[in-house]
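See structure below.
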């Protein structure tokens, strides 16, 4: 797949073509459990705080890596 695949090359042009941590035989076995936990948390949060809503203007502040993406923070308000 990669020329000199055993060498760490942080500037590799096709780095996004790797399979680790996300696809095929190397998919994270804990991912379905993490998704289920997050689903339960969000359902319970919205049940307990039915008027919760996003606060502030503009899109949420996100971060991205080769293997993960997520929110740096998410400001909400309720009441």
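In the working numbering, the protein residues as written are 1 to 79.
Heads up, the beta-carbon is just placed ideally off N, CA and C, and yes, glycines get one too.
Collapsed DSSP secondary structure at residue i in the structure displayed
| i | result |
| --- | --- |
| residue 35 | helix |
| residue 71 | strand |
| residue 17 | helix |
| residue 54 | strand |
Extent of the continuous beta strand (DSSP E) to which residue i belongs
| i | result |
| --- | --- |
| residue 9 | Segment: none, residue 9 is in no beta strand (DSSP E) and carries neither H nor E. |
| residue 61 | 61–64 |
Distance between beta carbons of residue j and residue i, contact taken as under 8 Å
| i | j | result |
| --- | --- | --- |
| residue 15 | residue 66 | 6 Å |
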